[in-house]
Each structure stands twice: as structure tokens, then as C-alpha cells.
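Taken in sequence, the protein lines are chains A and B.
If you count the first sequence from 1, position 144 lands on 143 in numbering that gives the first Met the number 0, and the numbers rise without skipping.
If you count the second sequence from 1, position 29 lands on 28 in numbering that gives the first Met the number 0, and the numbers rise without skipping.
Cβ coordinates follow ideal geometry from the N, Cα and C atoms, glycine included.
Down below is the structure, laid out as C-alpha cells.
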Amino acid sequence: MTLTADATGTIAAGAGLRAGRARPPAALVAAALAGVALVLLPILYTVAQAGAVGPGDAVALLFRPLVGALFVNTLTLVVATSAATAVIGVATAWAIERTDLPGRTIWSVLMAAPLAVPPFISSYAWVSISNGLQDFAGALLVVTFAYFPLVYLPVAAALRGLDPALEDTARALGQSPWGCFRRVVLPQLRPALYGGVLLVALDVSTEFGAFALLRFRTFTTELYAQYRIGLDGPETSLLALVIVALCMALLVAELRVRGRARYARVGAGSKRPAARVPLGAMRWPVLGLFATLVAATVGVPVGMVLYWLLHHAQAATSPVAPSLPALFDATLNSIVYGLAGAACALAIATPIAWLAVRYPGRWTALIERAAYLAQGAPGIVVALALIALAVQYVPPLYQSVPLLALAYAVLFLPLAIVGVRSALVQIPPRFEEVARSLGQSGAGVALRVVLPLAASGIGAGAAMVFIFVSTELTATLLLAPTGARTLATEVWANTSSLAFAAAAPFAAAILCLSFAFTWLFANRLGQADVSDRG
Amino acid sequence: MARLSVSRLTKTFAGRAVLAGVDLDVAAGSLLAVLGASGSGKTTLLRIVCGFERADSGVVEIDGRAVAGRGFHAPPERRRVGYVAQEGSLFPHLTVAENVAFGLERRERRDRARIEGLLERVGLPAAYAGRGPHQLSGGEQQRVALARALAPSPQLVLLDEPFSALDAALRVETRQAVSDALAAAGATAVLVTHDQSEALAMGAEVAVLRNGFVAQIATPETLYRQPVDAALAQFVGEAVILPGIVEAGAVTCALGRLPLGRAVPDGSADVMLRPEQIRFVTISAAAAPCARIVGVTFYGHDASVRLALAGGAETILARVPGHRVAKAGDDVRLAVEGPVMAYPRASVSAAAARGATLSENPRSAEALGIEETLP
Chain A
0 MTLTADATGT IAAGAGLRAG RARPPAALVA AALAGVALVL LPILYTVAQA GAVGPGDAVA
60 LLFRPLVGAL FVNTLTLVVA TSAATAVIGV ATAWAIERTD LPGRTIWSVL MAAPLAVPPF
120 ISSYAWVSIS NGLQDFAGAL LVVTFAYFPL VYLPVAAALR GLDPALEDTA RALGQSPWGC
180 FRRVVLPQLR PALYGGVLLV ALDVSTEFGA FALLRFRTFT TELYAQYRIG LDGPETSLLA
240 LVIVALCMAL LVAELRVRGR ARYARVGAGS KRPAARVPLG AMRWPVLGLF ATLVAATVGV
300 PVGMVLYWLL HHAQAATSPV APSLPALFDA TLNSIVYGLA GAACALAIAT PIAWLAVRYP
360 GRWTALIERA AYLAQGAPGI VVALALIALA VQYVPPLYQS VPLLALAYAV LFLPLAIVGV
420 RSALVQIPPR FEEVARSLGQ SGAGVALRVV LPLAASGIGA GAAMVFIFVS TELTATLLLA
480 PTGARTLATE VWANTSSLAF AAAAPFAAAI LCLSFAFTWL FANRLGQADV SDRG
Chain B
0 MARLSVSRLT KTFAGRAVLA GVDLDVAAGS LLAVLGASGS GKTTLLRIVC GFERADSGVV
60 EIDGRAVAGR GFHAPPERRR VGYVAQEGSL FPHLTVAENV AFGLERRERR DRARIEGLLE
120 RVGLPAAYAG RGPHQLSGGE QQRVALARAL APSPQLVLLD EPFSALDAAL RVETRQAVSD
180 ALAAAGATAV LVTHDQSEAL AMGAEVAVLR NGFVAQIATP ETLYRQPVDA ALAQFVGEAV
240 ILPGIVEAGA VTCALGRLPL GRAVPDGSAD VMLRPEQIRF VTISAAAAPC ARIVGVTFYG
300 HDASVRLALA GGAETILARV PGHRVAKAGD DVRLAVEGPV MAYPRASVSA AAARGATLSE
360 NPRSAEALGI EETLP
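Here you go:
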């Protein structure tokens, strides 16, 4: 065996990229860490601001009647919505997956459809029917109808994955259908159910637009009110801290449940379809309930928007004809912001997802988890923190598109990460190895193999971010450049002044945009990779 | 084409030594089959030669140039090593032609004649160039993968169990096509496999990897006829093992006094012969040992016959041509063709003490999830 020193030297010197899975490239780690730092910035700033308040002051500010009232409001609503969505979600999932209900395929699509209706649009629809639908009852109705798909989708997916042999066994052991459901099916659905309910709770805690229109006071609406009157003191920071703490607790619980749900599904799943329970005489009442649910969740928003579009002259409070240039402007802004937000989210998500998929380990998992934490901050908190940071450190960024895009990226990063991650997971590392053995460098592999294969998955993730951003209200309201209006802010402004007819064209545009993407949600959320809207 | 030389290669995963000092030498233009059970470290060896994995110590040289070892590690794209993966791993977003052209320089990629020539070399019609990988059978995918690996004229081609995903009929055909293509290209190649007959049929030489060591490296014929120990004999094919005593260059056992294939010191030993060395003799020679047929498994071209030797409870296996099968219960007289191997008892127990037995340790291999389950 001979070892020629200079031949060795030339090969070693050219070894820019090192193989082996253990050590990720430093540039990749740096990009991922920078992204995580950027998205966690608003939360860290909020905590730091609140931490600056003295303990005595903090106690005095936290134990005020106002904070108590907000806490009771938020918590009762969260609990009531969780219970309501759990019941509706499980009942609809079971009826569609395990009974002989007619039209199951159509119903299963319609059950996911409410996700395409932003809650503030349903709020607008219900408020425009009757002023009586306000406060707690109205809020409960709107958010339950808006968010029950977050329970329905994972529970239905779990039901499809259950091994029917277990249910057969339980029946053979003498259980009634109800006993079988209670003792065998429900326990297995628990991870999916808890995960869905926790997402609902998180979304209710961070919701702003729907509650503001219904005049139901929660932490988010109070924060907005304080911002509007120029309050920016310790009381505001503490309010923000309370809601962030609540959301973080829910998010951590959700992540833990989701981790377990994944294990629960391993090994389950069977090719044989489950036996369906015949509904018999109950068929018509059940169909009636489904029809009512769809009418309330999709029918009312769509119907009311159509009504105000066609009857704008009869609107008592605002006989305003729709203005085409304004509609065009708002749509264009919504689309531009949506693209900017999607691009920014992808840029931050790609290194994080790449690191998590190709270099799995404790540290990379921690980085990915940290990125997920960003979604725990309500849009209003993120917007307020970014405003404060921009005004203090980089004033030109205040009310600029880059800052707005960053806010969107913070709010919807998990959607982008899920998209990139699932696309990368499907590419076997072997492809990259083969490409390397054929003489491609790391960049060549990324360009010629990974990108073409991952493009559709990454595109789907970007499309998800785009649709959520283009209908986003809270951050847009606070951070959009002065005078720039989007579809969402137009609906908001007009509804706030009870100009329901004037809001209708913008609401219609949002619904069109959203429904066009519904299939995407249905496909993605069916895999239980659900996320929230800020 | 280049010589491959591997020396004192070690690799440890999770505290378990997968490679414990492997030495190999492959002459330029020849094909070495690396044979090993799962968990023997053969895939790890191949991944280190490719550069996908880093060795803990040891040196890998291609054409006299070290590509791994002594503190440095050339990345895979600089080694000029062709790699054919178990499942072919054709890029699903590229056509057959684009896959084959992947490793070529940009201006060479449009050279249709060259690509068609490569396809032809692996036995595929030029019309396949425009197809997508999903339109090919498993065997065709493997041929394209080989054409892709050969395209940039690598110094060395490594094949990682390339036929294990194919069904039996396709396997023989694809094996032949790959053999021919490699020979036509004059390629130095290393084929990793767990299939004994594949290793014997394809390798100019076969290296048996066992517990992180090369147990034996030899031509297929030598490996089969003169394995270094009884366990290896049983791993490489069917073997009859009988106790015997070596004396004056021959060994005496239940089958009589037999000539030795390789000289061993006098004393008690395990005698090893292949079942097809046993013949049924019709002439009743007084010296020929007697046996009763206990069972017959008929395969058509030949048959396995289980025999109980006279005076013994244990059975041995004989393999006889299909047209000479006797019935169970018949008594037959036996003769042995050709020399046999004898392994002195002391050295067998010494080998066992070193842990160099072939009996797999499935618990540790599975629990650690090494080797075949590497992502």
C-alpha cells in the first residue's frame, strides 16, 4: 500500500463539502438559528418589557378588575368553545366515517370548508343579520362554527386509521355499539381529539377580528384598544404577557399531544374498511343536522355576503355602491402582501426544515420546536412588539412592507415549515448520495435534485401561507403602510361603521380567494398537520 | 480503471464495532463480491468507500491515491466512484436519458449517441431514453442506474445489493446484463450482497465479511471448496460436517478414509464435504459405508437426500442428480468424490473463542438497527 503525499493533498484541499450526517454545515445552522431568533423576537421583547415592571407594580397591575374580567371572558369562551367543537367534531367525524350516512364524501369536504371562511368574515355576516348576536353568545357561535373543523379533521383521520378488528373484538366480547364506542374507539381517538381541541383553544385565545366586531372583550381586543388610545405602558406589557403565557401553555400541551398521537398511529391502520353502523330511521334527522351545520358555517357567511352585494341600495345604514377601483386596489394589496409574506416565511422556514429533516438530533429538534413556538403569539402581540422594536431601533422599517412580511412570517411560519419539511422527507437521502457520487457538489445536489423534487410540496406550503396572509387582519391593520388597504382591512373598516353593504364586495373577494384554496386545506389538514391563524 | 485498496478500516456505531479492521484489495478491472449476513458491516464498508460515511480509522485508496484516512476525507463527488443503490434510486423527476446524463458535463449531456450507447451497453433499447423511471420494471431501473453510474467513466463502481429487490427470474437476467456491462466497460467493481449464489456467480473474487472482519477472500471456487473454517463452509453453501481423525495426510470418518484438500496436522478434526460430493454406488463394495434414506426433497434437476449413516442417529445431506433419486427407506452404499476439508478441533474452538463464528447475533444487530436499516 502506497500513499503519495501530494495526491492526497490535492484531493483533501478540494474537499470543500464534507460528507457524513453527523455534522451539518455551519452556514445552514447559522441560517436556521438566525431565522428562529427573528421569529422569537416579538415574544422575547414582550417578555422583556413585562419583566422590566417591578414585582410590586406587576402584582397591582395584574390583579385589577379589568384583568380579572378579561381573564374570565377569555377562559370561559375557550372552555365553552373547546367543549362545543369537541362534541361537534367527534359526532360529525363518527357519522361520516362509521355510519351509512348518504353523501359522505360531500359532507366530509363541507366539514372542512369553514376553515376557508376567516372568523371575522363570519362575524360580519352574523352581526349584519342581527345586532342581538353579540357578546358571549355571538362569540361562542362564531368561533365554534369557524374552528370545529380543527377537531373534525384529525379525529376523522384517526378514525380512518383505527383497526376495525379491535371494534369487532369488543363487539364479540359482548359490548353494545355505544359501549364499544365509549370503551374502545374514544380512547384511541383521544390524542387526535386533544390535539384538535388544544388548537381550537389556541386559536380562540389569539382571535381578534371576530371578537372586536362582536364587541366581546378579550385580551386581544383590549390590547388593540389600548394601542388605539396610545397607551404603551407597563399595563399593556403585562396584558400581553398574560395572553402570551396562556398561549404558550396551550401550544406546549398541543406539541406534546401531537408527539404522542404520532406514536399511537404507528402499527395501526388496516386495509379492511370498518363495518358501517346503519342509521335506519335516524338517517333523516342526522341529515337535517348536517344540513343545518353547513347552513350555519358556510351558508350564512356566503349568503349574507351575497345578500349585501345584491341589496346594497336597501342597506339602511350605508347605501353605498361598491367602488371597483377600491376593490381592485385592496385585492392587489392583499395579493402583494400575501406573496411577500409567503416569500419571507419560506426563506426563514427552509434552513430550519432542512436541518430538522437531514440532520435529525436533539439540537435540531429543539430549533424546530422553537420555531413552532412563534405561532403561540397572537397577531396583535407580534404586531405591537414589532412596532415598538422598529420605532426604537430602525424607524424607517415602521409601517414598511418588509416589516409587515416579517410579521406574517412569524405568524404563519409553521405552515411553511410543515410544507418544506414534508417535501424534503419524501426525498430519500439516497438520491442525494447518488448525485454526490456522480460528481455533484452540495449546491449542485440542491439545485438539480432536491429543488425539482421538493418544488410541489414547498409550493403547497407557500400557497397555504399566501392564503392566510392575504386574508389576515390584525397585523395588517397595525403594520400596513399608511393608506394601504387590503380586503381584510376594508371589511373591518366598513363593518366597524356598520356599512355592511360597503363591506360586501371585499368580503366576497376574500371568500372567493379562500374557497379556491379549500382543497389545499382539506388535503393538508387531513394529515393532522394543522396550524392556526393569527 | 483503478485498483481499490482498503486497509485496517474500522467503524463503530453506538459502541458496536461494525468494521473491526477490514483489509481488501481489488485488482483493476476485476469484480469483487463482498458477501455477508445482515449486520456484518458490508453496507457500511461500501458507504465508507463511496464517502457517504467516515471511517474511524484505516485508509481507502483508489488508484494509489488515498481518498479516506489519516485525518482527511474526500467528499463523494470528488472520488469518481459510481454507485448503484439497492432500489436503483433513479431520480423520479428526470427521464431515463436525463438520469444517465446526470453525472456528465453540461455540454456532454446533449450527446444523444453517447447516452444511447450507454443504454445499449446495459442491454436497453435506445427508445427507452424518453421514458420516466416509473415506466420501467425493477430490472430495467437497475440497468439504467448502472448506465448512470458508468456514464462519467468512474474509477470504480460500487453496487449495493442491486438485485435484492428483484424477483428470481428477473434477478438472473439482470445479473447477467450487469455482469456483461461491467466487463465491457472494463470496470473495477465491488458488489455487496447477502446472497451466496450471487456472490459466487458474479465475483472474480469473493470476500466474506463476518463480525467486522474479512473472514476469507478467495476466488469463488476456492471459497466454496476450501473455506477456512466449518462455519464459513456452512455460510457459503450446504455442508456435511462429520467428526474424524487426521492421520498421514488423509482423514478417517464415518464415510471412510478420504483425501484432504489442504494439509492439516494429525489429530481429531471436523471433516467438511459438500453434499454433491456424496455418490450412491450400486456395486456393493465391502468397504463402502452403508446408509438408509430418511427423506427426499425433489427439485427436478437434482434432489436433496437425507441419509442416516449406519449405526448413527444423526443424518447427513447428499445432493444427487434428479434422475438418480432413490425412495425413502432404501438402503444405499456411499462413495465420496474429490478431496474434503478437515478443521483441527483445537483451531475451531480457538476461532469460536475469538467470536468469529458465523451464527448471527440477531438480538444485537436488530436492537442497534445498524447495517441494512441505515437511512
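Asked: Is the Cβ-Cβ distance between B/L259 and B/V335 less than 8 Å?; Found: no
Asked: Listing by chain order, which chain A residues have their CB less than 9 Å from the CB of B/V25?; Found: Chain A residues near B/V25: none, gap ~13 Å exceeds 9 Å.
Asked: With a 10 Å radius around its C-beta and 16 neighbouring C-beta atoms as the bar for buried, classify A/C246 as buried or exposed.; Found: buried
Asked: Once you ignore the five residues that flank A/S581 on each side, which residues in its own chain have a CB closer than 6 Å to its CB?; Found: With chain A covering 0 to 533 only, the question about residue 581 of chain A has no answer from this structure.
Asked: Since A/M463 is in the beta strand (DSSP E), which residue starts that stretch and which ends it?; Found: Careful: A/M463 lies outside any beta strand (DSSP E), inside the alpha helix (DSSP H) at 450-469.
Asked: For chain B, is any of its Cβ atoms less than 8 Å away from the one on A/E432?; Found: yes
Asked: Using the C-alpha atoms, what's the distance from B/L199 back to B/I315?; Found: 24 Å
Asked: Can a CB atom of chain A be found closer than 8 Å to the CB of B/P151?; Found: yes
Asked: Classify A/M281: buried if its beta carbon has 16 or more other beta carbons within 10 angstroms, exposed otherwise.; Found: exposed
Asked: Report buried or exposed for A/D99, applying the criterion of at least 16 other Cβ atoms within 10 angstroms of its Cβ.; Found: exposed
Asked: Any C-beta of chain B sitting closer than 8 Å to the C-beta of A/L354?; Found: no
Asked: Is B/Y82 close to chain A, meaning its C-beta is less than 8 Å from at least one C-beta of that chain?; Found: yes
Asked: Using the C-alpha atoms, what's the distance from B/Y342 back to B/A247?; Found: 15 Å
Asked: Just the Cα atoms here: how many angstroms apart are A/A498 and A/A373?; Found: 35 Å
Asked: Does the beta-carbon distance from A/T473 to A/A387 come in below 8 Å?; Found: no
Asked: Classify A/C511: buried if its beta carbon has 16 or more other beta carbons within 10 angstroms, exposed otherwise.; Found: exposed
Asked: Assuming B/R305 and B/G294 are in contact, meaning their beta carbons sit under 8 Å apart, how far apart are those beta carbons, in whole angstroms?; Found: 4 Å
Asked: From the beta carbon of A/V448, is the nearest beta carbon of chain B less than 8 Å away?; Found: yes
Asked: So is A/P153 in contact with chain B if we call contact Cβ pairs under 8 Å?; Found: no
Asked: State yes or no: is the beta carbon of A/L452 nearer than 8 Å to at least one beta carbon in chain B?; Found: yes
Asked: Thinking C-beta only, is A/V276 closer than 8 Å to A/L192?; Found: no
Asked: Once DSSP output is grouped into helix, strand and coil, what is the label at B/A287?; Found: coil
Asked: Are any of the Cβ atoms in chain C nearer than 8 Å to that of B/G102?; Found: Among the chains of the structure shown, chain C does not appear; the protein chains present are A and B.
Asked: So, B/A54 versus B/T9, is the Cβ gap smaller than 8 Å?; Found: yes
Asked: Measure the alpha-carbon distance for A/T349 versus A/G443 and round it to whole angstroms.; Found: 17 Å
Asked: For A/I379 and A/G438, what's the separation of their Cα atoms in angstroms?; Found: 50 Å
Asked: What first and last residue would you give for the beta strand (DSSP E) that runs through B/D179?; Found: Unbroken run through B/D179 is the alpha helix (DSSP H), 167-184; no beta strand (DSSP E).
Asked: Pairs of beta-carbons, one from the stretch 327-341 of chain A and one from the stretch 397-407 of chain A, closer than 8 Å: are there three or more?; Found: yes
Asked: What three-state label does DSSP hand B/Y82 in the structure shown?; Found: strand
Asked: Any contact between the stretch 54-63 of chain B and the stretch 128-138 of chain B? By contact I mean 3 or more CB pairs, one from each, below 8 Å.; Found: no
Asked: Consult DSSP for B/D110 and reduce its assignment to one of helix, strand or coil.; Found: coil
Asked: Please check if any C-beta of chain A sits within less than 8 Å of the C-beta of B/H92.; Found: yes
Asked: Using a Cβ cut-off of 7 Å, pull out every chain B residue sitting near A/P64, in sequence order please.; Found: Per Cβ cutoff of 7 Å: no residues; A/P64 is ~58 Å from chain B at best.
Asked: For B/D55, does the three-state DSSP call read helix, strand or coil?; Found: coil
Asked: Would A/P427 pass as an interface residue toward chain B - the criterion being a Cβ-Cβ separation below 8 Å?; Found: yes
Asked: Against chain A, does B/R2 count as a neighbour if the rule is that its beta carbon must be under 8 Å from one of theirs?; Found: no
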